[in-house]
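Working notes, beginning with the structure itself.
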Amino acid sequence: MNEQKSVIRKTIHRPPSLSKRKRNDHINPWMIWTGRYFFSFAGRILPSLMAKRAWKVFTTPLLKQQDDSLKIFESAKQFKIEARGFSLQAYKWNEGAPKTVLVLHGWELSAMKMRRVIEPLIKAGFEVIAIDAPAHGYSTGKQTNAPHFAWVLEDALWDLEDVDHIVGYSFGGIAAAILLQEAEIFIEKLVLMGTPTSMEKVILRFQRFLWLPDNLVKKIIQLPTSWDKDRKYTDFRVDLNRLKDSTNEVLIVHDVHDDIVPFSDAEETLARGGNRKAHLFSTENFGHHSIIRDKKVVLPVIEFLAG
42 MNEQKSVIRK
52 TIHRPPSLSK
62 RKRNDHINPW
72 MIWTGRYFFS
82 FAGRILPSLM
92 AKRAWKVFTT
102 PLLKQQDDSL
112 KIFESAKQFK
122 IEARGFSLQA
132 YKWNEGAPKT
142 VLVLHGWELS
152 AMKMRRVIEP
162 LIKAGFEVIA
172 IDAPAHGYST
182 GKQTNAPHFA
192 WVLEDALWDL
202 EDVDHIVGYS
212 FGGIAAAILL
222 QEAEIFIEKL
232 VLMGTPTSME
242 KVILRFQRFL
252 WLPDNLVKKI
262 IQLPTSWDKD
272 RKYTDFRVDL
282 NRLKDSTNEV
292 LIVHDVHDDI
302 VPFSDAEETL
312 ARGGNRKAHL
322 FSTENFGHHS
332 IIRDKKVVLP
342 VIEFLAG
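The numbers in the sequence shown follow the numbering used here, run straight up by one, and end at 348.
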């Protein structure tokens, strides 16, 4: 059978009036505008120096979101994982259950912000492990990015029992895909929720957001990774063909109105699927953030993992 890709077109709709929920970021807009004018001007004059400064901004989370009031985390087994010089905060529920799911959060979030994904996984009988990425939540570090997170995770997984499935959201999703493409790790199923298709596209969106001049971005694209000077960050993308030896099945969950990571990223990832058994589950009017909050989206993910 030459074609194994399948597309789930059973789109879940959400009333538009419910989808316009503002995100509580508390980022001073003056910081954004100051940064835009600074890099727009200085980047044309000193592109090499400004590329390094822009990269530091790009890899530094401005928010560290936690919610210590969540009872579900009080019931978790909490522990630390030492990996690549970082101390990662980790949580575990249903220890000893037949199947284990690793949950990876998005940029400037934390494991606690994945609560509405974690709770139904626990109720479905999975052992669930959630980790705060470097520079996020209660983990150590000041900077990180998706390929770097994947590199740290490769070491962290040695401290965990066998992981059967991974659910990755946005930044956590592309990190999960990179991990499976680069390391000798096998899982049964991978779920990518609101996940960018490549690091290059993430950097180009950062360019548009911060008004970075083209000559500065060319310098950023050439920056080598911190752990392998022969690799560039733009070498990394979600390539389902490369996942053929790492996972049996992939579910891509994406909202058609995602204004952070466009729906075209999901379509591009699927197009690179070749003969992979990959599915696209589309939603409408949930946007980028609510796909991890609404049970109408989360429950089909649980069904996919349990099937």
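Just so it is clear, CB atoms sit at the ideal spot from N, CA and C, and this is done for glycine as well.
Exercise. Classify Thr275 as helix, strand or coil using the three-state DSSP reduction.
Key: As a first step, residue 275 is located in the sequence shown; it is residue number 234 there, counting from the start. It is helical.
Quiz item: For Val291, which residues of its own chain have a beta-carbon under 8 Å away from its beta-carbon, when the five flanking residues on both sides are left out?
Solution: In the sequence shown, residue 291 corresponds to position 250, counting from 1. Shown here for Val291: same chain residues with a beta carbon closer than 8 Å to its own, the five before and five after excluded, namely Lys230, Leu231, Val232, Leu233, Leu281, Leu284, Gly314, Arg317, Lys318, Ala319, His320 in chain order.
Quiz item: Cα separation between Pro265 and Asp276?
Solution: On the sequence shown, residue 265 is found 224 positions in, with the first residue counted as 1. On the sequence shown, residue 276 is found 235 positions in, with the first residue counted as 1. Looking at the two C-alpha atoms, the distance is approximately 10 Å.
Quiz item: Roughly how many angstroms separate the alpha carbons of Ser211 and Val338, rounded to a whole number?
Solution: By one-based count along the sequence shown, residue 211 stands at place 170. By one-based count along the sequence shown, residue 338 stands at place 297. So the two alpha carbons sit approximately 15 Å from each other.
Quiz prompt | Cβ shell of Ala347 (< 7 Å), same chain only, five flanking positions each side left out | solution = Within the sequence shown, numbered from 1, the residue matching residue 347 stands at position 306. For Ala347, where only same-chain residues beyond five positions count, the Cβ hits under 7 Å are Ala165.
Self-check item: Inter-residue spacing [alpha-carbon to alpha-carbon] between Phe250 and Pro139
Solution: Walking along the sequence shown from the start, residue 250 turns up at place 209. Walking along the sequence shown from the start, residue 139 turns up at place 98. Looking at the two C-alpha atoms, the distance is approximately 44 Å.
Quiz prompt | Collapsed DSSP secondary structure at Asn352 in the structure displayed | solution = The chain is shown from 42 up to 348; residue 352 falls before or after that span and cannot be answered.
Exercise. Kindly indicate which three-state DSSP category Leu162 falls into: helix, strand or coil?
Key: Residue numbering aside, residue 162 sits at position 121 when the sequence shown is read from its first letter. Three-state DSSP puts Leu162 in a helix.
Practice problem: May I have the straight-line CA-CA distance separating Gln119 from Arg156, to the nearest angstrom? | Solution: Against the sequence shown, residue 119 aligns to sequence position 78. Against the sequence shown, residue 156 aligns to sequence position 115. Separation of Gln119 and Arg156 (C-alpha to C-alpha, rounded to the nearest whole angstrom) is 15 Å.
Quiz item: Using 8 Å as the threshold, is the region 201 to 211 in touch with the region 175 to 184, meaning 3 or more CB pairs across them?
Solution: Taking a cut-off of 8 Å on C-beta distances, the region 201 to 211 does not touch the region 175 to 184, as fewer than three cross pairs fall below it.
Quiz prompt | 8 Å contact criterion, which Gln219 and Pro188 should meet: CB distance rounded | solution = Locating residue 219 in the sequence shown gives position 178, counting from the first residue. Locating residue 188 in the sequence shown gives position 147, counting from the first residue. It should be noted that the sequence gives Ile, not Gln, for residue 219. Confirmed, Cβ separation roughly 5 Å.
Quiz item: Taking the continuous beta strand (DSSP E) assigned at Ile122, which residues delimit it?
Solution: Against the sequence shown, residue 122 aligns to sequence position 81. Following the DSSP letters along the chain, one finds Ile122 inside the beta strand (DSSP E) bounded by residues 118 to 124.
Quiz item: Going by the beta-carbon positions, is the gap between Ala191 and Glu149 smaller than 8 Å?
Solution: On the sequence shown, residue 191 is found 150 positions in, with the first residue counted as 1. On the sequence shown, residue 149 is found 108 positions in, with the first residue counted as 1. No, Cβ-Cβ distance for Ala191 and Glu149 is not below 8 Å.
Practice problem: Look at the alpha carbon of Arg352 and the alpha carbon of Ile262, and state the distance between them as a whole number of angstroms. | Solution: The structure shown does not extend to residue 352, since the chain spans only 42 to 348, so no value can be given for it.
Quiz item: Hey, how far is the Cα of Ala307 from the Cα of Val279?
Solution: Residue mapping note: residue 307 aligns to position 266 of the sequence shown, counting from 1. Residue mapping note: residue 279 aligns to position 238 of the sequence shown, counting from 1. Computed Cα separation, rounded: 10 Å.
Practice problem: Grab me the residues of Arg62's own chain with a C-beta within less than 6 Å of its C-beta, minus the 5 sequence neighbours each way, in chain order. | Solution: Here residue 62 corresponds to residue number 21 of the sequence shown, with the count starting at 1. Its pLDDT being 43, under 50, Arg62 is placed unreliably in this model, and the value from its coordinates should be taken loosely. Hits under 6 Å: none found.
Quiz item: Is it a yes or a no for the region 295 to 303 touching the region 323 to 343, going by three-plus beta-carbon pairs under 8 Å?
Solution: Yes, since at least three Cβ pairs between the region 295 to 303 and the region 323 to 343 fall closer than 8 Å, the two stretches touch.
Exercise. Work out the CA separation of Leu257 and Ser89 for me, nearest whole Å.
Key: As a working note, residue 89 is residue 48 in the sequence shown. As a working note, residue 257 is residue 216 in the sequence shown. Rounded to the nearest angstrom, the two C-alpha atoms are 7 Å apart.
Exercise. Tell me whether Pro237 is buried or exposed, calling it buried when 16 or more other Cβ atoms sit within 10 Å of its Cβ.
Key: Taking the sequence shown and counting its residues from 1, one reaches residue 237 at position 196. Around the CB of Pro237, 16 or more other CB atoms lie within 10 Å, so the residue is classed as buried.
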